[in-house]
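Report on the structure given below.
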Amino acid sequence: DQQVKQNSPSLSVQEGRISILNCDYTNSMFDYFLWYKKYPAEGPTFLISISSIKDKNEDGRFTVFLNKSAKHLSLHIVPSQPGDSAVYFCAASEGAAGNKLTFGGGTRVLVKP
Amino acid sequence: KAGVTQTPRYLIKTRGQQVTLSCSPISGHRSVSWYQQTPGQGLQFLFEYFSETQRNKGNFPGRFSGRQFSNSRSEMNVSTLELGDSALYLCASSSESGQYNSPLHFGNGTRLTVT
Chain A
1 DQQVKQNSPS
11 LSVQEGRISI
21 LNCDYTNSMF
31 DYFLWYKKYP
41 AEGPTFLISI
51 SSIKDKNEDG
61 RFTVFLNKSA
71 KHLSLHIVPS
81 QPGDSAVYFC
91 AASEGAAGNK
101 LTFGGGTRVL
111 VKP
Chain B
1001 KAGVTQTPRY
1011 LIKTRGQQVT
1021 LSCSPISGHR
1031 SVSWYQQTPG
1041 QGLQFLFEYF
1051 SETQRNKGNF
1061 PGRFSGRQFS
1071 NSRSEMNVST
1081 LELGDSALYL
1091 CASSSESGQY
1101 NSPLHFGNGT
1111 RLTVT
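Top line first, the protein sequences correspond to chains A and B. Start counting the first sequence at 1; every next residue gets the next number (my numbering). Start counting the second sequence at 1001; every next residue gets the next number (my numbering).
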């Protein structure tokens, strides 16, 4: 049973435009959500997070939106840059579960110059 | 600060053998978690150690075990290796456990191949 799903395995976007990555979850106990970026042969790098008491969090070019009623979150990257080309994972956790993260399957983003 | 360091980067083992992977967390971090990444199952949680105690465990057989030392360094061990254990094993550290402002920072992983 996949509790966190990223339904788009890949995304192609032009440099300078917006990239929108989506993630759905089923476990209503999740109260903390994160996005990670992964380059080949490297570990995931933390990008941005949001707790369930918020519906939006911004950090530079990255904004995460959380819709708890729909059990949906999204990551917006504006403007997209060629260096953003990577695999993006969303992850979720329950506060009581410590650092046990449940990951989505990832979305491969290609930013074209 | 130095990042999370995992050794070795690559490992080839034979079915039935055992293997030990090592992880040095970011200085000052007390929580170390281990994850397995495979093409079929994606990133899956193995276990978390916090202040030398196992705090949580994922759905993996008992062949997978770990420990954390007083300096927060951690090792994970896989006994009686199976072909399906071939994967990228990722270690992650954080300053606290389960805190909103304490995200996981990952190492570059150990690529284990079982033949």
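Glycine included, every Cβ here is placed at the ideal spot set by N, Cα and C.
DSSP has A:A92 in a bridge; who is on the other side? Within the first sequence, residue 92 of chain A is the residue found at index 92, counting from 1. According to DSSP, A:A92 bridges with A:F33 and A:T102.
How about A:W35 and A:V64: are their beta carbons less than 8 Å apart? The residue given as residue 35 of chain A occupies position 35 in the first sequence. The residue given as residue 64 of chain A occupies position 64 in the first sequence. Taking 8 Å as the Cβ cut-off, A:W35 and A:V64 qualify as a contacting pair.
Within 10 Å of its beta-carbon, does B:R1063 have 16 or more other beta-carbons around it, so buried, or fewer, so exposed? Locating residue 1063 of chain B in the second sequence gives position 63, counting from the first residue. Looking at its Cβ environment, which holds fewer than 16 other Cβ atoms inside 10 Å, B:R1063 is exposed.
Any beta carbon from chain A within less than 8 Å of B:R1055's own beta carbon? Stepping through the second sequence from its first residue, residue 1055 of chain B is reached at position 55. Cβ-Cβ to chain A under 8 Å: yes for B:R1055.
Please list, in chain order, all residues of the same chain as B:P1008 whose beta carbon is under 7 Å from its beta carbon, the five residues on each side excluded. Taking the first residue of the second sequence as 1, we reach residue 1008 of chain B at position 8. Result list for B:P1008: T1110, in chain order.
Taking its Cβ as the centre, do 16 or more other Cβ atoms sit within 10 Å of B:T1038, making it buried, or is it exposed? To locate residue 1038 of chain B, count along the second sequence from 1; it is residue 38. By the 10 Å Cβ count, B:T1038 comes out exposed.
Report yes or no: is there a C-beta of chain B within less than 8 Å of the C-beta of A:P44? For the purposes of this step, residue 44 of chain A is taken as the residue at position 44 of the first sequence. Interface residue, yes.
Cβ closer than 9 Å: which chain A residues qualify as neighbours of B:L972? The displayed coordinates of chain B run from 1001 to 1115. Any statement about residue 972 of chain B would go beyond what the structure contains.
Starting from A:D1, follow the beta strand (DSSP E) in both directions and report where the run begins and ends. Counted from its first residue, the first sequence places residue 1 of chain A at position 1. Segment: none, A:D1 is in no beta strand (DSSP E) and carries neither H nor E.
Can you give the beta carbon distance from B:G1066 to B:Y1089, rounded, assuming they're within the 8 Å contact cut? Looking up residue 1066 of chain B in the second sequence gives position 66. Looking up residue 1089 of chain B in the second sequence gives position 89. No, B:G1066 and B:Y1089 are not in contact; Cβ-Cβ is about 11 Å, not under 8 Å.
Straight-line CA distance for B:Q1120 to A:Q14? Any question about residue 1120 of chain B goes unanswered here, given that chain B covers just 1001 to 1115.
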